[in-house]
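Contents: one structure, followed by commentary.
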Amino acid sequence: MASSIPLRRRVEYARGFLELGLLEDARAEIEALDPKDRRSMDALSAMVDIEMEAKRWSEVIATASHAVQEHPACERGWIGWAYALRELKRVEEARDILLQAEQELGDACGLLHYNLSCYFCLLGDLEEAQRRLERACQLDSDWRGTALEDPDLEALKPQLLGSS
């Protein structure tokens with residue numbers, strides 16, 4: 036039987052439950068959608084967020100990779116996919132996913148550049164990490180403060196502190 040609650044409303048409910056930490060209720064809202072609506076970018080993005088909050092990294096990878104396959108412009112899918120790989124210590128793969136995402140999304144996503152900065156830093160390419168962080172900060176200056184607290188960017192701290 037088709038759901039009488041519209042897609043937009045179900046996703047809002049799911050996000051509300053997510054904000055309250057009620058992950059199973061959030062997941063149930065998405066799962067109550069018609070199968071075609073579950074493939075929408077909004078529903079897939081919400082499901083990525085639910086799985087990320089639950090730290091179910093394999094599920095994040097599955098859902099996020101499906102999201103970008105269905106919707107290449109789904110920024111949340113790319114970011115979630117890469118982040119889950121990073122959490123599983125698969126940093127090179129995470130970097131490669133975001134480099135692929137950059138081809139789809141363009142150069143205007145600060146979070147993409149920030150996360151690439153983290154991954155390049157973890158992989159020892161400090162020059163590229165610095166370049167990516169500078170781009171993220173050009174897009175949103177708040178990234179600099181975040182970077183000062185991020186253990187993934189520890190190797191860049193001398194440069195960050197020197198540019199205060």
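The numbering of the sequence shown is the working numbering, which starts it at 36 and goes up by one.
Glycine residues also receive a C-beta, built at the ideal position from the N, C-alpha and C atoms.
Given the structure is predicted, the values throughout are model-derived calculations rather than measurements.
Considering only the alpha carbon of each residue, which of Tyr154, Glu54 and Glu137 lies closest to Leu120? Tyr154
Distance, Cα to Cα, Gln194 vs Ala97? Near 37 Å, if we compare the C-alpha coordinates of Ala97 and Gln194.
Out of Arg111, Trp116, Leu133 and Ala143, point me to the one whose CA is closest to Glu169's CA. Ala143
Identify, in the order they occur along the chain, each residue of the same chain with its Cβ nearer than 8 Å to the Cβ of Met87, setting aside the five sequence neighbours on each side. Val95, Gly115, Tyr118 and Ala119
Going by DSSP, what residue range makes up the alpha helix (DSSP H) through Phe170? The sequence as given places Arg at residue 170; Phe does not occur at that position. Start and end: Leu161 to Leu174.
For Cys172 and Tyr149, the rounded distance between their alpha carbons: 8 Å
Ala108 to Arg73 span [Cα, whole Å]: 17 Å
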